[in-house]
Amino acid sequence: MFKVGIIGIGYVGNIHIEKFVSIDNVCVVAISDVNLVRLREAKQKFNINKTYSDHRSLLEKEALDLVVICVANHLHHDLTIEALDLGHNVLCEKPMALTLNDAREMIEVSKRNKKSLLIVNNFRWDYLNPLIFQMKNLIDSGWFGRIYHIRLNRIRSKTFPLNDYSRWNLDSKQSGGGVLIDLGPHMIDLGMWLASDYKVSAVFGTTDKGLLKLDNIDDFASGIIKLESGIALQIDLSWSSHHKPSWQIDLYGDKGGASLSPNKNDQENFKLFRLENNELKRKHLSKNFLNITSEKSVQEHVVSCIMRNVASDCSAENAYAVLETIFRWYESASSNFI
Ligand SMILES: NC(=O)c1ccc[n+]([C@@H]2O[C@H](COP(=O)([O-])OP(=O)(O)OC[C@H]3O[C@@H](n4cnc5c(N)ncnc54)[C@H](O)[C@@H]3O)[C@@H](O)[C@H]2O)c1
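Mapping the sequence shown onto the numbering used here, position 277 (from 1) lands on 284, and the numbers just tick up by one.
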């Protein structure tokens, strides 16, 4: 049995429990939260054996195969280091940390202790599976030819109430920023993963406080990331806006193009195009590309990688590259673009 312990049983902690307990031979044996009501509710709902109001006791007392860190962003570094130093493999929520120094230290401590450190990148599985894996497979097969541009957007009309600023996400000391550090890790990682390139040569970005009007909290962000391979990622993100929610990935190659929007696993949500004899033709996937078997969730992916001792796409090194890009984007946004 693969034993999991989870620290932080709020919104995302509950989702992790649900996903882990649905995997064969995986058991969530212990959970921790400083909020005793949340702890009790989750214990009853998921029939969890051990609960701890103090995460340190969980880390010291439990023999686990994986500890999942699901607390607010400013606590990721300290709790991850504690868990690694006490001999646990760690899956930490995004963003990895609030500074590059902290992120670097997390990687060093995982190496020193010879323990895995992975960072959650669940969008591929939770919202885009299987279409995004089909897209990736087509990219890697050369169907699009040379890819030169990937546009990704995640526009929401509403995320947090505009009249209640009580959540930690809206306090920059705890969150590190707004939509860019919140949705940026997902969308930048998706772009880099599709491009198979986590090396960045330039970042140009803007951010705005948008509808939230809070200092140091961006509600909207738009940027261009030039990768060393030559591919440009163009990314738009919004928490709140006077716009219809949208979510789309457009891919530009010199032999073909594609548009993908999530939610339904329907071929209408993944359109392939080719310009042939000056006419734009819609193309359809062959069965080979449709029948991609992949893990059902990031949780399944992480368990599988740790059990087989193989490298993961959700590595701390990839997350570090994503975090560095986010900070370069913030820096670009605060400069005068001269
Ligand atoms: N991957 C995703 O799609 C996704 C979605 C939402 C949030 N997140 C990330 O997950 C993390 C948590 O976000 P959330 O929305 O679940 O927050 P939340 O506020 O709903 O939950 C955080 C929980 O941590 C608890 N906590 C605080 N300090 C603790 C400690 N020392 N020990 C144990 N528990 C402690 C709080 O009491 C709370 O219950 C954030 O880093 C966020 O960026 C990821």
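Each residue gets a CB set at the ideal place from its N, CA and C atoms; glycine is no exception.
This structure is a prediction, so every number in the text was calculated from the model and none was measured.
Residue 32 versus residue 314 - alpha carbon distance: Taking the straight line joining both Cα atoms gives about 11 Å.
Please name the residue, chosen from 338, 307, 340, that lies closest to residue 125 on a Cα-to-Cα basis. Considering only 338, 307, 340, the residue with the shortest C-alpha distance to residue 125 is 307.
Spatial distance of residue 24 from residue 281 (CA atoms): Distance between the alpha carbons of residue 24 and residue 281: 43 Å.
Given 7 Å as the limit, tell me if residue 40 has its C-beta closer than that to any heavy atom belonging to ligand 1. Yes; taking the cut-off as 7 Å, the Cβ of residue 40 has a heavy atom of ligand 1 nearer than that.
Less than 8 Å between the C-beta atoms of residue 240 and residue 157, yes or no? Yes, these two residues count as a Cβ contact at 8 Å.
Buried or exposed: where does residue 83 fall if 16 or more other Cβ atoms within 10 Å of its Cβ makes it buried? Buried, by the Cβ-count rule.
If I measure Cβ to Cβ from residue 329 and keep anything under 6 Å in the same chain, skipping five residues before and after, which residues do I get? Excluding its 5 nearest sequence neighbours in each direction, residue 329 has C-beta neighbours in its own chain below 6 Å: 192, 195, 196, listed in chain order.
Quick one: what does DSSP say residue 99 is sitting in, helix, strand or coil? Under the three-state reduction of DSSP output, residue 99 falls in the strand class.
Please check the pair residue 97 and residue 91, which I expect to be a contact at CB under 8 Å, by giving their CB distance rounded to whole angstroms. Confirmed, about 6 Å.
Do three or more CB pairs link the stretch 253 to 265 to the stretch 203 to 211 at distances below 8 Å? The stretch 253 to 265 vs the stretch 203 to 211: no contact.
Nearest to residue 143 by CA position, among 220, 267, 250, 36, is which residue? Taking only the C-alpha atoms, the option nearest residue 143 is 267.
Is residue 82 close to ligand 1? I mean its beta-carbon at under 7 Å from any heavy atom of the ligand. The closest heavy atom of ligand 1 lies less than 7 Å from the beta carbon of residue 82.
Validate contact between the stretch 168 to 179 and the stretch 124 to 139 using beta carbons, cut 8 Å, 3 pairs: No, the stretch 168 to 179 is not in contact with the stretch 124 to 139.
Going by the CB atoms, is the gap between residue 253 and residue 160 shorter than 8 Å? Their beta carbons are under 8 Å apart, which means residue 160 touches residue 253 by this criterion.
Do residue 185 and residue 242 have their CB atoms nearer than 8 Å? In this structure, residue 185 keeps its C-beta atom at 8 Å or more from the C-beta atom of residue 242.
In the DSSP assignment, find the beta strand (DSSP E) that holds residue 254 and state where it starts and stops. 253 to 260 is the span of the beta strand (DSSP E), which, as asked, contains residue 254.
Please report the residue range of the beta strand (DSSP E) in which residue 11 lies. Taken as a continuous stretch (DSSP letters only), the beta strand (DSSP E) holding residue 11 covers 9 to 14.
Taking the CB atoms as reference points, tell me whether residue 71 and residue 12 lie closer together than 8 Å. Cβ distance < 8 Å, so residue 71 and residue 12 count as in contact.
Every unbroken beta strand (DSSP E) inside the stretch 139 to 194 [3 residues or more]: Within the stretch 139 to 194, complete beta strand (DSSP E) segments of at least 3 residues are found at 154 to 162, given in chain order.
Helix, strand or coil for residue 236? Go by DSSP, reduced to three states. It is coil, neither helix nor strand.
Give me, in chain order, the residues of the same chain whose beta-carbon lies closer than 7 Å to that of residue 340; leave out the 5 immediate sequence neighbours on both sides. For residue 340, where only same-chain residues beyond five positions count, the Cβ hits under 7 Å are 212, 213, 214.
In DSSP terms, what residue 241 is bridged to: Answer by DSSP bridge pairing, in chain order: 158, 231.
Could you round the C-beta distance between residue 225 and residue 233 to whole angstroms and report it? I think they count as a contact, below 8 Å. No, residue 225 and residue 233 are not in contact; Cβ-Cβ is about 21 Å, not under 8 Å.
Would you kindly work out how many angstroms separate the C-alpha atoms of residue 183 and residue 299, rounded to a whole number? If you draw a straight line from the Cα of residue 183 to the Cα of residue 299, it comes to about 37 Å.
Host alpha helix (DSSP H) of residue 3 (start-end): Because the chain in this structure spans residues 8 to 345, residue 3 falls outside the shown range and cannot be described.
Considering Cα atoms alone, identify which of 17, 317, 30, 26 is closest to residue 8. Checked all of 17, 317, 30, 26; the closest Cα to residue 8 is 30.
Per DSSP, what kind of secondary structure is residue 212 in: helix, strand or coil? Strand, per DSSP.
Is residue 238 closer than 8 Å to residue 154 when the C-beta atoms are compared? Result yes, Cβ atoms of residue 154 and residue 238 sit closer than 8 Å.
Please indicate yes or no: does the CB of residue 189 lie closer than 7 Å to some heavy atom of ligand 1? Taking 7 Å as the cut-off, the C-beta of residue 189 counts as close to a heavy atom of ligand 1.
So what's residue 106 in DSSP terms, helix, strand or just coil? Annotated three-state conformation of residue 106 is coil, per DSSP.
On the DSSP bridge assignment, give the partners of residue 17 in chain order. Among the bridge pairs identified by DSSP, residue 17 is matched with none.
What distance in whole Å lies between the Cβ atoms of residue 52 and residue 69, which are believed to be in contact at a cut-off of 8 Å? The C-beta separation of residue 69 from residue 52 comes to about 20 Å, leaving the pair out of contact by the 8 Å criterion.
Distance cutoff 8 Å, beta carbons only. Does residue 105 sit that close to anything in chain B? Looking at the structure shown, chain B is missing, and only one protein chain is on hand.
Residue 279 bridges to which residues according to DSSP? Residue 279 pairs with 265, 290.
Under 8 Å by Cβ, that's how I've got residue 128 and residue 321 pegged, so tell me the actual separation to the nearest angstrom. Right, the Cβ-Cβ distance comes to about 5 Å (below 8 Å), so this counts as a contact.
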